[in-house]
């Protein structure tokens with residue numbers, strides 16, 4: 014069963030499931046789920062709102078049809094951008110970056126279920142997620158340079174080297190060529206590659222497993238994974254010591270101990 018308790022946006026569907034997982038489905042299959050200005054804004058706002066929805070403990074984002082997301086709609090975004098002045102352009106690019114910021118700062122796991130073509134802004138959104146499950150034979154491309162834009166867009170130049178290394182990230186962002194899911198898995202970009210009809214079930218399975226876990230501790234883990242990219246070893250050790258001390262005060266930590274002593278499965282509450 015599933016429940017939906019938020020107004021439905023345009024361009025994608027939002028569902029809240031009984032297992033604590035929120036499912037976002039990009040729903041413009043005839044356009045390969047290309048993004049519009051409105052969809053960008055609604056996705057940005059949705060990820061901000063999810064931080065305040067305690068009933069949501071993990072998130073999956075996927076696409077309808079044969080694409081995850083092909084990037085910005087040529088007619089509804091690319092064309093209008095060529096007519097804008099700098100203030101409008103900067104407002105747009107900051108909005109796209111705010112979407113990535115809201116995904117990364119959401120202290121809940123976010124899984125991308127890459128059911129098909131993933132390109133441009135779609136690749137950047139997938140990159141911003143914590144885990145990626147991709148369909149066998151599908152492709153991902155950071156093709157910003159193909160349209161005369163910097164490969165450094167929506168956090169790609171920050172995040173991609175952390176998954177695949179600087180040399181490979183430079184190659185992917187400068188050439189903009191697509192790579193298969195299998196290649197992406199081998200280089201460490203994807204976490205799993207499965208048959209197309211197993212992509213969403215696998216992502217939902219992972220999300221449900223994480224939703225049952227100690228979500229406060231998972232949120233701290235996500236925060237430190239980003240934060241420690243900038244720290245020295247000594248700074249990282251200090252951050253981790255503080256984080257663990259905080260986690261040791263949570264109900265989940267005490268529940269884990271009591272469950273172990275009682276020889277039962279823990280019942281985590283995320284508090």
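Numbering (our numbering), first residue to last: 14 to 284.
All C-beta atoms in this analysis are idealised placements derived from N, C-alpha and C, irrespective of residue type, glycine included.
Treat the numbers as computed from the prediction; the structure is a model and nothing was measured.
Name, in chain order, the residues that DSSP records as bridge partners for residue 124. Reading the chain shown from its first residue, position 111 is the one you call residue 124. Looking at the DSSP assignment, residue 124 forms a beta bridge with 73 and 144.
Residues sharing a beta bridge with residue 27, DSSP: The residue given as residue 27 occupies position 14 in the chain shown. Per DSSP, the beta bridge partners of residue 27 are 37.
What does the alpha-carbon distance come out to for the pair residue 220 and residue 214? Locating residue 220 in the chain shown gives position 207, where the first residue counts as 1. Locating residue 214 in the chain shown gives position 201, where the first residue counts as 1. Spanning the two alpha carbons is a distance of roughly 10 Å.
Same chain, Cβ closer than 7 Å to residue 113, five either side skipped, listed in chain order: Within the chain shown, residue 113 is the residue found at index 100, counting from 1. Excluding residues within five positions, the ones whose Cβ falls inside 7 Å are 137, 141, 167 and 168.
Could you tell me the alpha carbon to alpha carbon distance between residue 9 and residue 257, rounded to whole angstroms? Because residue 9 is not part of the residues shown, which for the chain are 14 to 284, the question remains open.
The alpha helix (DSSP H) spanning residue 182 covers which residue range? Numbered from 1 along the chain shown, position 169 holds the residue referred to as residue 182. If you look at residue 182, you'll find it in the alpha helix (DSSP H) that goes 179-188.
To the nearest angstrom, how far is the alpha carbon of residue 87 from that of residue 232? As a first step, residue 87 is located in the chain shown; it is residue number 74 there, counting from the start. As a first step, residue 232 is located in the chain shown; it is residue number 219 there, counting from the start. Each residue's Cα considered, the two are about 36 Å apart.
May I ask you to report which of helix, strand or coil DSSP gives residue 224? Position 211 of the chain shown, counting from 1, holds the residue named residue 224. Residue 224: helix per DSSP, three-state reduction.
Which of helix, strand or coil does DSSP assign to residue 118? Translated into the one-based positions of the chain shown, residue 118 becomes position 105. Three-state result, residue 118: helix.
Helix, strand or coil for residue 48? Go by DSSP, reduced to three states. Within the chain shown, numbered from 1, the residue matching residue 48 stands at position 35. Strand at residue 48.
DSSP state of residue 273, grouped into three classes? The residue labelled residue 273 in the question sits at position 260 within the chain shown. Here residue 273 sits in helix by DSSP.
With 16 other Cβ atoms within 10 Å as the buried cut-off, status of residue 274: As a first step, residue 274 is located in the chain shown; it is residue number 261 there, counting from the start. By the 10 Å Cβ count, residue 274 comes out exposed.
Let's test the definition: count the other Cβ atoms within 10 Å of the Cβ of residue 285 and tell me whether it reaches 16, buried, or not, exposed. Nothing can be reported for residue 285, as the shown portion of the chain is limited to 14 through 284.
For residue 29, which of 66, 39, 48 and 57 has the nearest alpha-carbon? Taking the first residue of the chain shown as position 1, residue 29 is located at position 16. Closest option to residue 29, Cα to Cα, is 66.
Suppose the cutoff is 7 Å on Cβ atoms and the five residues either side in sequence are ignored; what does the same chain contact list for residue 54 look like? Reading the chain shown from its first residue, position 41 is the one you call residue 54. Hits under 7 Å: 108.
The alpha helix (DSSP H) spanning residue 194 covers which residue range? On the chain shown, residue 194 is found 181 positions in, with the first residue counted as 1. For residue 194, the enclosing alpha helix (DSSP H) starts and ends at 194-199.
Can the beta-carbon of residue 228 be found closer than 7 Å to that of residue 117? As a working note, residue 228 is residue 215 in the chain shown. As a working note, residue 117 is residue 104 in the chain shown. Cβ distance not < 7 Å, so residue 228 and residue 117 don't count as in contact.
Closer than 6 Å by C-beta to residue 174: which residues in its own chain qualify, once you throw out the five before and the five after it? Chain order, please. Stepping through the chain shown from its first residue, residue 174 is reached at position 161. Once the five neighbours on either side are set aside, the close Cβ partners of residue 174 are 182.
Let me know the secondary structure DSSP gives residue 131 once reduced to three states. Stepping through the chain shown from its first residue, residue 131 is reached at position 118. Strand, per DSSP.
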